[in-house]
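Here the sequence shown stands for residues 1 to 249, numbered as in my numbering. Cβ atoms here follow ideal geometry from the backbone N, Cα and C, with glycine treated the same way. Please read these numbers as outputs of a predicted model, since none were measured by experiment. The next block holds one structure in the form of structure tokens; read it before the comments.
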Amino acid sequence: MAKNNGYTTIYSDDDIVVLNKQSGILIAADRYDENAPRLDLLAQEEFGKLYAVHRIDKDTSGVIVYARTAEAHKKLSEQFEKRLVHKTYHALVYGHPLWQDLHVDLSLQPDGDARHRTVVSKKYGKPSVTDFINLGSCGPYSWIIAKPLTGRTHQIRAHLAANGFSIVCDPLYGGNQKPVRLSEIKRKWNGDEDEERPLLSRLALHAYKIEFTHPVSGQQVSYTAPYPKDMEATRKQLAKLFNVDPLGE
């Protein structure tokens, strides 16, 4: 898995490319931020022309699929439209949900307010469904698995916000920009606070797994994106301290 500028390659063949992208990179052109780094342009230097078939937020890390041919693009796009693609996200949220499983069916309107946030709207929203699983509490946080059945902009973040929860370090939906520091979660921490580097200081949302039918072979395929360093360091510390691990069996 060769390291590249902003991404690593999980899988590639003549028809598709599956990448693990870093947080902070767009996956295609964006009208609000025309100069931000773009994954499709970075990866085209290695793979040639790529066709976007789905999106994940700029600040989200994790698995993203591109088609390499017009035919593969058409077939993959149809699977997304028919909701035949299964996506799994991992998120670290503030607080402790009282539910173990939560089914959210709230219509969402992207770009619904002055801050370009996605908002719940019965009148103008599009049908949006997410299933959440609460894995357990870790000090001030909880690990959540999110399975979006639709693909609206900021869907997971908006659906969590509508239920009173925000993802760690979410500048748009959380309001709390406090990074995760070991000194604040470990009782007997004896490092230097001035020298301490945060474990995590960006949106704690990772597109972990995607499952779909290969557009040419017709086989069911599944691809998993390993956690980036900051999220992995956070996971390890929280698992050690609180015995809750999203990657545990």
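Query: In DSSP terms, what F212 is bridged to; Result: V221
Query: Counterpart residues of P148 in DSSP-defined beta bridges; Result: T130
Query: Assigned secondary structure, I27 (DSSP; H/G/I helix, E/B strand, else coil); Result: coil
Query: Reference V216; option with closest CA among N20, H73, A28; Result: H73
Query: Extent of the continuous beta strand (DSSP E) run through L19; Result: 16 to 21
Query: Cβ-based neighbour list, A239, same chain, cut-off 6 Å, excluding 5 preceding and 5 following; Result: D245
Query: Beta-carbon spacing of G62, A207 below 8 Å; Result: yes
Query: Span separating the alpha-carbon of S121 from that of D105; Result: 12 Å
Query: Own chain, CB closer than 7 Å to D59, minus 5 neighbours either side, in chain order; Result: S23, G24, R202, L203
Query: Under the three-state DSSP convention, the category H154 falls into; Result: coil
Query: Contact under 8 Å by Cβ, A272 with Y227; Result: This structure cannot speak to residue 272, because the chain is shown only from 1 to 249.
Query: Short Cβ contact (8 Å threshold) for D230 with L200; Result: yes
Query: DSSP state of S61 mapped onto helix, strand, coil; Result: strand
Query: Identity of the residues DSSP links to D101 by a beta bridge; Result: I133
Query: Between the CA atoms of G218 and C138 - distance to the nearest angstrom; Result: 41 Å
Query: Top-ranked residue by Cα proximity to R38, from E46, I27, I56, G48; Result: I27
Query: Contacts around K126, its chain only, beta-carbon distance under 7 Å, and the 5 residues preceding and following it disregarded; Result: S107, L108, R152
Query: Status (buried if at least 16 other CB within 10 Å, exposed otherwise) for P97; Result: buried
Query: Delimiting residues of the alpha helix (DSSP H) encompassing H73; Result: 70 to 81
Query: Buried/exposed call for R197, threshold 16 Cβ in 10 Å; Result: exposed
Query: Residue nearest to V221 in terms of C-alpha spacing, selected from L84, L160, V119, A29; Result: L84
Query: For I167 and L205, believed in contact at Cβ under 8 Å, the rounded distance; Result: 5 Å
Query: L200 (DSSP reduced to helix, strand or coil); Result: strand
Query: Residue range of the alpha helix (DSSP H) that includes K188; Result: First-last for K188: undefined, no H or E at that position.
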